[in-house]
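S.K.: In full-length UniProt numbering, the protein residues as written are 1 to 169.
Just so it is clear, CB atoms sit at the ideal spot from N, CA and C, and this is done for glycine as well.
My questions all concern the structure below.
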Amino acid sequence: MGGENAPITIIEYASLSCSHCADFHINTLPELIKEFVDTGKARIVFRDFPFNYPALLGSMVLRCVPRDIRYEYSNALYHLQSKWVLRENAKTTQELYKIMQSGGMTKERFNECIDNVDLENEILNGLMAAQSEFNIKSTPSFLINGILIEGNKPIKDFRQIIDKILSEQ
1 MGGENAPITI IEYASLSCSH CADFHINTLP ELIKEFVDTG KARIVFRDFP FNYPALLGSM
61 VLRCVPRDIR YEYSNALYHL QSKWVLRENA KTTQELYKIM QSGGMTKERF NECIDNVDLE
121 NEILNGLMAA QSEFNIKSTP SFLINGILIE GNKPIKDFRQ IIDKILSEQ
């Protein structure tokens, strides 16, 4: 999200089942987008870091959504987290499908996504790479031009870091 040539790159590692990630996406991210992405100062890259089966399933299904509308789907999944992140895997799958169906995904496409072992491995390999390369251990975690920030932070913390980086350029 945002221009490739933006001076700031924010990489977010998140788990769709993480309540702190949902809080960030609902309360902080819109402000971050308005203040920094929409003004061309930053771009945001979303990376999957699923901690459990529901998060992995959600990540897999989101990868099957066209990139240009993926943010809207992920936003819906964070807003509806309590409805589909459940202890019972079958119930999680059923509730996640209901949400994706409301956005137009067919049952056939949904099943193709959740049965795609290559996609599952790609997501899990990305998780392991983030752990080994950047020492990502928790979600949400952010790399802001290579600076690791762990945990859900208020917009003022992002402003402080981004403004400091911009002033040094």
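1) In this structure, how does DSSP classify Arg47 when only helix, strand and coil are distinguished?
2) Count the other CB atoms within 10 Å of the CB of Glu12; is the residue buried (16 or more) or exposed (fewer)?
3) According to DSSP, is Leu127 part of a helix, a strand, or is it coil?
4) Could you check the C-alpha separation between Asn52 and Ser17 for me, to the nearest Å?
5) Measuring only the C-alpha atoms, how far is Cys113 from Glu122?
6) Only counting the same chain, and skipping five residues up and downstream in sequence, which positions put a Cβ closer than 8 Å to that of Asn5?
7) Which one or two residues does DSSP pair with Phe142 in a beta bridge?
8) Output the boundary residues of the alpha helix (DSSP H) element that contains Pro30.
9) Give every residue of the same chain whose Cβ lies closer than 6 Å to the Cβ of Val85, excluding the five residues on either side of it in the sequence, and list them in chain order.
10) Could you pull the DSSP bridge partners for Ala42 from this structure?
11) Taking buried to mean at least 16 other C-beta atoms within 10 Å of its own C-beta, is Met128 buried or exposed?
12) Tell me whether Ser17 sits in a helix, a strand or coil according to DSSP, three-state version.
13) In terms of residue numbering, what span does the alpha helix (DSSP H) encompassing Gly58 cover?
14) Please state whether DSSP places Leu77 in a helix, a strand or coil.
M.R.: The structure says:
1) strand
2) buried
3) helix
4) 8 Å
5) 13 Å
6) none
7) Glu12, Ile149
8) 29 to 32
9) Ser17, Pro54
10) Ile8
11) exposed
12) coil
13) 53 to 63
14) helix
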